[in-house]
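Down below is the structure, laid out as structure tokens.
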Amino acid sequence: MASEAPPFWWEEPDWRALALAPLSAVYALVAARRMRSAAREKIEAPVLCVGNFTVGGTGKTPVAIALARQARRMQLNPGFLSRGHGGSFARPHVVDPHHDAAKHVGDEPLLLAEHAPVAVTPNRAAGARLLLEKHGCDFLIMDDGFQSARIHIDYALVVVDARYGVGNGRVIPGGPLRAGIVDQLVFTSALLKMGEGLAADAVVRQAARAGRPIFEAHARPSSKVGLAGKRFLAFAGIGHPEKFFDTVRQAGGEVALARSFPDHHFYGQDELAELLATARGAGLGLITTAKDAARLRHDAASADFLRQLDVLEIDTVFDPDHVPERVINETLDAWRQRKLQG
Numbered sequence: 001m002a003s004e005a006p007p008f009w010w011e012e013p014d015w016r017a018l019a020l021a022p023l024s025a026v027y028a029l030v031a032a033r034r035m036r037s038a039a040r041e042k043i044e045a046p047v048l049c050v051g052n053f054t055v056g057g058t059g060k061t062p063v064a065i066a067l068a069r070q071a072r073r074m075q076l077n078p079g080f081l082s083r084g085h086g087g088s089f090a091r092p093h094v095v096d097p098h099h100d101a102a103k104h105v106g107d108e109p110l111l112l113a114e115h116a117p118v119a120v121t122p123n124r125a126a127g128a129r130l131l132l133e134k135h136g137c138d139f140l141i142m143d144d145g146f147q148s149a150r151i152h153i154d155y156a157l158v159v160v161d162a163r164y165g166v167g168n169g170r171v172i173p174g175g176p177l178r179a180g181i182v183d184q185l186v187f188t189s190a191l192l193k194m195g196e197g198l199a200a201d202a203v204v205r206q207a208a209r210a211g212r213p214i215f216e217a218h219a220r221p222s223s224k225v226g227l228a229g230k231r232f233l234a235f236a237g238i239g240h241p242e243k244f245f246d247t248v249r250q251a252g253g254e255v256a257l258a259r260s261f262p263d264h265h266f267y268g269q270d271e272l273a274e275l276l277a278t279a280r281g282a283g284l285g286l287i288t289t290a291k292d293a294a295r296l297r298h299d300a301a302s303a304d305f306l307r308q309l310d311v312l313e314i315d316t317v318f319d320p321d322h323v324p325e326r327v328i329n330e331t332l333d334a335w336r337q338r339k340l341q342g
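Taking UniProt numbering, the leading residue of the sequence shown gets 1, the next gets one more, and so forth.
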């Protein structure tokens, strides 16, 4: 797996995790203290956080998009809060999906902005005020920031990947956990198990014992996708590229060649030329994720390459299908209770 996360994080604990245990213990202690003692500003709107326990991709962004769609069906006006991986704006900025480039706002905010206004800033409180005052948003969905945001979270939906779970169960730097599971469960409203697999079962049982609701969902290729019978060179720069390759196969495409890149990878022209030449030489089409395609937009040098791509769009399917409505209603209930308490 090509990723910012070391591969050993997703394997059984070995000598590397053991050697890093003292540093992991210090990191866990600091992270737990920060989560418990942080002063969180209360925002004049409900705040739903879609987070995860670990670094690496768990499918948070498609979940956030599905929740925004449900919010609109419930006559709400949602807005997204995002830190924006790699973003370069010094002040809170509302993403313009038609003109902003991923190198300025991040790739995930560009995807989110197709569905609702997105404020990109490390200062989530300032971003929230911008969305409320300038864009009339009345329901805020925070993509990530579960451990670090300095605003009050009314409902925290934590997404865990069924295939990878919480990896080796160790805290950074010995593993992928951002803090100890027990310390994070204190602030978790519900757990969403994403996809198929058994790796998340232990943390699901732990969350259930702590009285947290457990929901399930999976990614489904969009109905707009027609890949059946086609052969591809599939490439992706996401947290777990293997999940994308499997989804291409699920949509009926054949992954004849696969290329993995680090999460949030910005492609150089030499890399794009190599991908195109390899695909042409093998008589294959090129396919990538919506997140990767977002990084190629608004770049004149990549425009021709982008036109030759198939882009796999995915939808999040919940089981049962009323989960998004329940999550939003419980977020609203928590916000109303917060308002009553003052």
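Backbone N, C-alpha and C define an ideal beta-carbon position, used for all residues, glycine too. Note that the structure is a prediction, hence the values are computed from the model and not measured.
Check, Outcome
"Assigned secondary structure, V105 (DSSP; H/G/I helix, E/B strand, else coil)", "helix"
"Cβ neighbour criterion (16 or more within 10 Å) applied to H322", "exposed"
"Close beta carbons around A208, own chain, < 7 Å, minus the five adjacent residues each side", "I214"
"Inter-residue CB distance, F245 and T288 (contact presumed, cutoff 8 Å)", "Rounded, the Cβ-Cβ distance is 11 Å, inconsistent with contact."
"Three-state secondary structure assigned by DSSP to A2", "Only weak support is given to the placement of A2: the predicted model assigns it a pLDDT of 38, under 50, and the question is left unresolved by the model."
"Per-residue DSSP class, three states only, for H240", "coil"
"Nearest-angstrom beta carbon gap, Y27 and P173 [assumed within contact, 8 Å]", "7 Å"
"Residues near G136 by beta carbon distance below 7 Å, same chain, minus five either side", "N77"
"Helix, strand or coil at F146 according to DSSP, with G and I counted as helix", "coil"
"8 Å Cβ cutoff met for A125 and A31", "no"
"Of the listed residues W15, G56, R170, nearest to A5 (C-alpha basis)", "G56"
"Start-to-end residues for the alpha helix (DSSP H) that takes in L177", "No alpha helix (DSSP H) contains L177, which DSSP labels as neither H nor E."
"For Q337 and residue 394, the rounded distance between their alpha carbons", "With the chain covering 1 to 342 only, the question about residue 394 has no answer from this structure."
"Segment limits, alpha helix (DSSP H) that includes residue 389", "As displayed, the chain neither begins before 1 nor continues past 342, which places residue 389 out of reach and without an answer."
"Meets three-Cβ-pair contact criterion under 8 Å: the stretch 57-71 and the stretch 107-119", "yes"
"For H218: DSSP bridge partner residues", "V317"
"Endpoints, beta strand (DSSP E) assigned at F305", "Where F305 is concerned, there is no enclosing beta strand (DSSP E), although the alpha helix (DSSP H) it sits in stretches over 303-307."
"Candidates A282, K230, T247, A301, of which the one nearest Q269 by Cα", "A301"
"Buried versus exposed call for Q75 [16 or more other C-beta atoms within 10 Å across all chains shown]", "exposed"
"Collapsed DSSP secondary structure at F245 in the structure displayed", "helix"
"Own chain partners of E196 with C-beta closer than 6 Å, once the 5 adjacent residues on each side are dropped", "A162"
"Neighbour-count burial assignment, S37, 16 or more Cβ in a 10 Å radius", "exposed"
"CB of F232 within 8 Å of CB of V248, strictly", "yes"
"Reduced DSSP category for P78 - H, G, I as helix; E, B as strand; rest coil", "strand"
"K291, buried or exposed, once every other Cβ within 10 Å from all chains shown has been counted against 16", "buried"
"Stretch-stretch touch, CB-based, cutoff 8 Å, three pairs: the stretch 130-147 with the stretch 95-104", "no"
"Where V94 falls: helix, strand or coil (DSSP)", "strand"
"Proximity to L177 [Cα-Cα], best of L23, A128, K103", "L23"
"Alpha carbon of T54 to alpha carbon of G169, nearest angstrom", "9 Å"
"Residues near L272 in its chain [Cβ-Cβ closer than 7 Å; skip 5 each side]", "S302, F305"
"DSSP state of S189 mapped onto helix, strand, coil", "coil"
"Bounding residues of the beta strand (DSSP E) (the contiguous stretch that carries Y155)", "155-161"
"Proximal residues to E11 (C-beta, below 7 Å), its chain only, five neighbours per side dropped", "N168"
"According to DSSP, residues forming a beta bridge with F232", "V255, G285"
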